[in-house]
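Student:
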Amino acid sequence: PEQFAPSNPPPARQPAVYAEKHESDEEKQFRKVFQQLAGDDMEVSPNELMNILNRIISKRKHLKTDGFSIESCRSMVAVMDSDSTGKLGFHEFKHLWNNVKKWQGVYKQYDADHSGVIGADELPNAFKAAGFPLNDQLFQMIIRRYSDESGNMDFDNYIGCLVRLDAMCRAFQTLDKDRNGTIKVNVQEVMESKISVDSSFAVTSLRVGCCHCSGFS
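Note that UniProt numbering gives residue 15 to position 15 of the sequence shown, counting from 1, and the numbers run on in steps of one.
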């Protein structure tokens, strides 16, 4: 949908020689950190991503979370893995990292009572501030999928949901050839665009977003 503001896709992977010549000092510094986190293969697997994220949030005492699960990290890798290696390269990981940092700031802003979670009454504004204004039907679906029984959402669920929303909106923009806020896709295009990482969430999101999808009844 046009009112959504997904992030730009990660840039294409570049050879190491190109990176050394064209990266800024900040990127070079981040690459050193990435190498320490990723190891010799310079790729972050779902398990490595889980360990990295949980290590970080364990130091953020103001965030209430059960920790990122391996299933959640597999989904995040799947929607960010632009070259289909099953792992995150430098630019893919940096893209995810920057989004998590940005969304963490939004999360902290809308945790008005400093409980470590965002209450149901603040969630619509928290998603809007992150670039995703939700209609009521999509919001209720997200609440059922990602919030607790009281409608509160903790940090790992907030991030996991935003990663999926961001990926689906980027895929939508790719398929919206006429830029009119409506797409018509077949099942193969849906699969290729990775909209079906979480199929029930994705397909319903497409319908709520006024997309016309062939192949689904």
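Here a beta-carbon is modelled for each residue, glycine too, at the ideal position from N, C-alpha and C. Predicted, not measured: the structure shown is a model, and the values here were computed from it.
1) I'd like to check one pair, residue 96 with residue 80: are the Cβ atoms closer than 8 Å?
2) So residue 130 and residue 100 are supposed to be a Cβ contact under 8 Å. How far apart are they, rounded?
3) Quick check on the burial criterion: 16 or more other C-beta atoms within 10 angstroms. Buried or exposed for residue 43?
4) Classify residue 40 as buried or exposed, calling it buried when 16 or more other Cβ atoms lie within 10 Å of its own Cβ.
5) Cα-Cα, which of 70, 157 and 141 is closest to residue 116?
6) For residue 86, count neighbouring C-beta atoms within 10 Å of its own C-beta (all shown protein chains included) and say buried if the count is 16 or more, exposed if not.
7) Tell whether a beta-carbon distance below 8 Å holds between residue 138 and residue 124.
8) Using a Cβ-Cβ cut-off of 8 Å (strictly less than) and excluding sequence neighbours within five positions of residue 128, which residues of its own chain qualify?
9) Around the Cβ of residue 200, are there at least 16 other Cβ atoms within 10 angstroms (buried) or fewer (exposed)?
10) Quick check on residue 162: does DSSP put it in helix, strand or coil?
11) Take every Cβ of the segment 44-58, pair it with every Cβ of the segment 66-73, and state whether three or more of those distances are shorter than 8 Å.
12) Does DSSP put residue 50 in a helix, a strand or coil?
13) Among the residues of its own chain, which have a CB less than 6 Å from the CB of residue 119, if the five just before and after it don't count?
14) Going by alpha carbons, who is nearest to residue 112 out of 126, 34 and 103?
15) Within the continuous alpha helix (DSSP H) that includes residue 136, where are the two ends?
16) Which same chain residues, not among the five before or five after residue 146, have their C-beta less than 8 Å away from its C-beta?
17) Give a single yes or no on whether residue 97 has its beta carbon closer than 7 Å to a heavy atom of the ligand FAD.
18) Around the Cβ of residue 91, are there at least 16 other Cβ atoms within 10 angstroms (buried) or fewer (exposed)?
Tutor: Let me spell this out:
1) Along the sequence shown, one-based indexing puts residue 80 at 80. Along the sequence shown, one-based indexing puts residue 96 at 96. Contact flag set, yes.
2) Within the sequence shown, residue 130 is the residue found at index 130, counting from 1. Within the sequence shown, residue 100 is the residue found at index 100, counting from 1. Not quite, the Cβ-Cβ distance comes to about 11 Å (not below 8 Å), so this is no contact.
3) As a working note, residue 43 is residue 43 in the sequence shown. Residue 43 should be labelled buried.
4) For the purposes of this step, residue 40 is taken as residue 40 along the sequence shown, with counting starting at 1. It counts as exposed.
5) Mapped onto the sequence shown, residue 116 falls at position 116. It is 157 whose Cα lies nearest to the Cα of residue 116.
6) The count along the sequence shown starts at 1 and reaches residue 86 at position 86. Sixteen is the threshold: since fewer than 16 other Cβ atoms of the shown chains lie within 10 Å of the Cβ of residue 86, the residue is exposed.
7) For the purposes of this step, residue 138 is taken as residue 138 along the sequence shown, with counting starting at 1. For the purposes of this step, residue 124 is taken as residue 124 along the sequence shown, with counting starting at 1. No; because the gap between Cβ atoms is not below 8 Å, this pair is not in contact.
8) As a position in the sequence shown, residue 128 is number 128, starting the count at 1. If we look at residue 128 and ignore the five residues flanking it on each side, its Cβ neighbours are 134.
9) On the sequence shown, position 200 is the one that residue 200 refers to. Its pLDDT being 41, under 50, residue 200 is placed unreliably by the model, and the measurement read from it follows with that caveat. Exposed: under 16 other Cβ atoms inside 10 Å.
10) Reading the sequence shown from its first residue, position 162 is the one you call residue 162. Three-state DSSP puts residue 162 in a helix.
11) Counting Cβ pairs under 8 Å, three or more are found: they touch.
12) Your numbering for residue 50 matches position 50 in the sequence shown. Residue 50 falls in the helix class under three-state DSSP.
13) Taking the sequence shown and counting its residues from 1, one reaches residue 119 at position 119. Cβ neighbours of residue 119 beyond the five flanking positions: 152.
14) As a position in the sequence shown, residue 112 is number 112, starting the count at 1. The residue with the shortest Cα to Cα distance from residue 112 is 126.
15) Numbered from its first residue, the sequence shown carries residue 136 at position 136. Per DSSP, residue 136 is one residue of the alpha helix (DSSP H) stretching across 136-146.
16) One-based indexing of the sequence shown puts residue 146 at position 146. Only 153, 157, 158, 160 and 161 meet the Cβ criterion.
17) The ligand FAD is not among the ligands present in this structure, which contains no ligands whatsoever.
18) Counting from 1 along the sequence shown, the entry for residue 91 is found at position 91. Flag for residue 91 reads buried.
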